[in-house]
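Colleague: Let me give you the structure first, and then I'll get to my questions.
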Amino acid sequence: MTTMARPGVPVGGFKTVGQIVGTNQLRIHRNQSALAIAVELLTSHTPGAPVVDDAGQYIGFISEFDLLKALRSNQDLNQLTAEQVMVKDRITVTAETSIDDAVRMMEEKRLLNLPVEKDGTIRYTLTRHDLLRAWIGLGLDIENQTV
Numbered sequence: 019m020t021t022m023a024r025p026g027v028p029v030g031g032f033k034t035v036g037q038i039v040g041t042n043q044l045r046i047h048r049n050q051s052a053l054a055i056a057v058e059l060l061t062s063h064t065p066g067a068p069v070v071d072d073a074g075q076y077i078g079f080i081s082e083f084d085l086l087k088a089l090r091s092n093q094d095l096n097q098l099t100a101e102q103v104m105v106k107d108r109i110t111v112t113a114e115t116s117i118d119d120a121v122r123m124m125e126e127k128r129l130l131n132l133p134v135e136k137d138g139t140i141r142y143t144l145t146r147h148d149l150l151r152a153w154i155g156l157g158l159d160i161e162n163q164t165v
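Residue numbering for the sequence shown follows our numbering, beginning at 19 and increasing consecutively.
The following block contains the structure:
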């Protein structure tokens, strides 16, 4: 494993997704308008987010692909909700999942985001960016560092 020695990075690099600070905290409510979701994803530069019900429980995932699919079907995003557009597969990892396993899962399932579950709720969503950053041992302050 290639890692960089940086302050705040465990010796030998990050090993589990629970050690990673996820950059995607976005949650979508099941009744939220698909058009509002599209705007939120675009303005946050986020390719997708978990969808939660009224109790905050994870019920599905919505991505830019799901919204594009609806548009290709000539559906009006103003008339659709997250629940009508989302994918109902609830793929998650836990804080104990290894970074290697998370990368493998994202590759096999062709995911851009991977929700991390702890104590029965989704805490954050990892992106490939987060996993790459962790794998090579960089923190969130990478933008302010020179390699």
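Glycine residues also receive a C-beta, built at the ideal position from the N, C-alpha and C atoms. Predicted, not measured: the structure shown is a model, and the values here were computed from it.
(1) Inspect the beta-carbon positions of Thr4 and Gly40 and report whether they are closer than 8 Å.
(2) What residue range is occupied by the uninterrupted beta strand (DSSP E) comprising Ile117?
(3) If you compare alpha carbons, which of Gln93, Phe83, Arg151 and Ser51 is closest to Val105?
(4) Is the beta carbon of Leu98 less than 8 Å from the beta carbon of Ala52?
(5) What are the boundary residues of the beta strand (DSSP E) that includes Thr41?
(6) Helix or strand or just coil, what does DSSP make of Asn162?
(7) For Ile55, does the count of other Cβ atoms within 10 angstroms reach 16, so buried, or fall short, so exposed?
(8) Give me the Cβ distance between Val57 and Ala113, rounded to the nearest whole Å; I'm assuming they're in contact under 8 Å.
(9) Can you tell me the Cα-Cα spacing of Gln93 and Ile154, whole angstroms?
(10) Quick test of your reading: Ile9 and Leu149, contact by CB under 8 Å. State the CB separation rounded to the nearest angstrom.
Modeller: Looking at the atomic coordinates:
(1) Here the chain comprises residues numbered 19 to 165, so residue 4 is not present and cannot be evaluated.
(2) For the purposes of this step, residue 117 is taken as the residue at position 99 of the sequence shown. Here Ile117 belongs to no beta strand (DSSP E); instead the alpha helix (DSSP H) covers Ile117 to Lys127.
(3) Taking the sequence shown and counting its residues from 1, the one referred to as residue 105 is at position 87. When each option's Cα is compared against that of Val105, the closest is Phe83.
(4) In the sequence shown, counting from the first residue as 1, residue 98 sits at position 80. In the sequence shown, counting from the first residue as 1, residue 52 sits at position 34. Closer than 8 Å, so yes.
(5) Numbered from its first residue, the sequence shown carries residue 41 at position 23. Per DSSP, Thr41 belongs to no beta strand (DSSP E) and is neither H nor E.
(6) The residue labelled residue 162 in the question sits at position 144 within the sequence shown. Summary for Asn162: the model assigns pLDDT 46, below 50, so the residue's position carries little reliability; its value from the coordinates is reported in the next sentence. Asn162 falls in the helix class under three-state DSSP.
(7) On the sequence shown, position 37 is the one that residue 55 refers to. Ile55 comes out buried.
(8) The residue labelled residue 57 in the question sits at position 39 within the sequence shown. The residue labelled residue 113 in the question sits at position 95 within the sequence shown. About 31 Å separates the CB atoms of Val57 and Ala113; that is not less than 8 Å, and the two are not in contact.
(9) Position 75 of the sequence shown, counted from the start, is the residue given in the question as residue 93. Position 136 of the sequence shown, counted from the start, is the residue given in the question as residue 154. Distance from the CA of Gln93 to the CA of Ile154, rounded to the nearest whole angstrom, comes to 42 Å.
(10) Any property of residue 9 remains undetermined from this structure, which presents the chain solely from 19 to 165.
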